[in-house]
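K.L.:
For reference, each letter of the sequence shown is one residue, going 0 to 183 in numbering that gives the first Met the number 0. Using N, Cα and C, we set each Cβ at its ideal position, and we do this for glycine too. Pasting in a structure now, in structure tokens, and then I'll have a few things to ask.
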Amino acid sequence: MAKILFFGYGANREKTRIVDILRASNLVGDDLKLDGGYGARVDGMILGIQDLEQIPEVARKSLLEVWGSNFRAYTVKPGTGQVAGVLWGLNEKQFQTLKEWEHDGVWRKFIEVEITTTDQHKLKAFTDKALDDSKVVQIVDGLNYESNLNMEGMKAPVKKENDEYRIKELQVIREKLAQVTSKS
0 MAKILFFGYG
10 ANREKTRIVD
20 ILRASNLVGD
30 DLKLDGGYGA
40 RVDGMILGIQ
50 DLEQIPEVAR
60 KSLLEVWGSN
70 FRAYTVKPGT
80 GQVAGVLWGL
90 NEKQFQTLKE
100 WEHDGVWRKF
110 IEVEITTTDQ
120 HKLKAFTDKA
130 LDDSKVVQIV
140 DGLNYESNLN
150 MEGMKAPVKK
160 ENDEYRIKEL
170 QVIREKLAQV
180 TSKS
């Protein structure tokens, strides 16, 4: 079965993040196995940060409820820079799950980009970004940046290192996102 190449940046460059999304979406067995994890970059893009004000209302409500008012997200935009990330090989079910999780068509969209791997191979891959008319509050260095802008996570007093809690947190987020998506 052919793999769909996905260029993950921000939190999506972390294997644990991708696997947590798949787990929270009730995927099991081979659908939790990830191929790839290869360093890559996309040229001709800059890395921006959105806060809740730049996110469409339909997605903002659940993000605010789950993550709190300090939620921020990365997005790529056309520009003269480079953005570092990781190349993942996903099966069709994994790819569709990720698209749904990322509010494809509501807040974000998936586009095809040309990436360059660390060993200088050029490949076509999909990535996600905010919708074209979306604004950002800040542009950051696309090669040296923190993966996760939301280290505080949900508004709860439990430590994030606890894997069981992290999975429950993702399940709550998934439910909130499903509610928002079904209303639109």
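If we ignore side chains and look at the alpha-carbon of each, how far apart do Gln81 and Glu174 end up?
P.N.:
Here residue 81 corresponds to residue number 82 of the sequence shown, with the count starting at 1. Here residue 174 corresponds to residue number 175 of the sequence shown, with the count starting at 1. For the pair Gln81 and Glu174, the Cα-to-Cα distance works out to about 34 Å.
K.L.:
Can you look up Gln95 in the DSSP assignment and give me helix, strand or coil?
P.N.:
For the purposes of this step, residue 95 is identified with residue 96 of the sequence shown, where counting begins at 1. Gln95 falls in the helix class under three-state DSSP.
K.L.:
To the nearest angstrom, report how far apart Gln95 and Thr79 are at their CA atoms.
P.N.:
What you label residue 95 is simply residue 96 of the sequence shown in a count that begins at 1. What you label residue 79 is simply residue 80 of the sequence shown in a count that begins at 1. Going from the Cα of Gln95 to the Cα of Thr79 covers about 30 Å.
K.L.:
Out of curiosity, what's the CA-to-CA distance linking Asn149 and Asp132?
P.N.:
As a working note, residue 149 is residue 150 in the sequence shown. As a working note, residue 132 is residue 133 in the sequence shown. Approximately 23 Å between the Cα atoms of the pair.
K.L.:
Would you call the stretch 133-144 in contact with the stretch 47-64, where contact means no fewer than 3 C-beta pairs closer than 8 Å?
P.N.:
yes
K.L.:
Quick check: what's the CA-CA separation for Leu97 versus Lys108?
P.N.:
Position 98 of the sequence shown, counted from the start, is the residue given in the question as residue 97. Position 109 of the sequence shown, counted from the start, is the residue given in the question as residue 108. When the Cα atoms are used, Leu97 and Lys108 turn out to be separated by approximately 11 Å.
K.L.:
Report the option in Glu145, Ala177, Ser181 and Gln178 whose CA atom is closest to the CA atom of Ala10.
P.N.:
Counted from its first residue, the sequence shown places residue 10 at position 11. Selected option, being the one with the closest Cα: Glu145.
K.L.:
Could you tell me which of Asp29, Arg40 and Leu33 sits nearest to His120, measuring between CA atoms?
P.N.:
Walking along the sequence shown from the start, residue 120 turns up at place 121. Minimum Cα distance to His120 is reached at Arg40.
K.L.:
Please state whether DSSP places Gly28 in a helix, a strand or coil.
P.N.:
Along the sequence shown, one-based indexing puts residue 28 at 29. Here Gly28 sits in helix by DSSP.
K.L.:
Among the candidates Leu89, Glu111, Leu31 and Ile172, whose CA atom is the shortest distance from the CA of Trp100?
P.N.:
Residue mapping note: residue 100 aligns to position 101 of the sequence shown, counting from 1. Cα-wise, what sits closest to Trp100 is Ile172.
K.L.:
Could you name the residues that DSSP lists as bridge partners for Gln55?
P.N.:
Taking the first residue of the sequence shown as position 1, residue 55 is located at position 56. It should be pointed out that residue 55 corresponds to Pro in this sequence rather than to Gln. None; Pro55 has no bridge partner.
K.L.:
By the DSSP assignment, the beta strand (DSSP E) with Val105 in it spans what residues?
P.N.:
As a first step, residue 105 is located in the sequence shown; it is residue number 106 there, counting from the start. From DSSP, Val105 is part of no beta strand (DSSP E); its letter is neither H nor E.
K.L.:
Taking DSSP as the reference, what is the three-state secondary structure of Thr126?
P.N.:
Taking the sequence shown and counting its residues from 1, one reaches residue 126 at position 127. Correct three-state label for Thr126: strand.
K.L.:
Quick test of your reading: Thr115 and Asp29, contact by CB under 8 Å. State the CB separation rounded to the nearest angstrom.
P.N.:
Your numbering for residue 115 matches position 116 in the sequence shown. Your numbering for residue 29 matches position 30 in the sequence shown. Contact doesn't hold; Cβ gap of about 29 Å is too wide.
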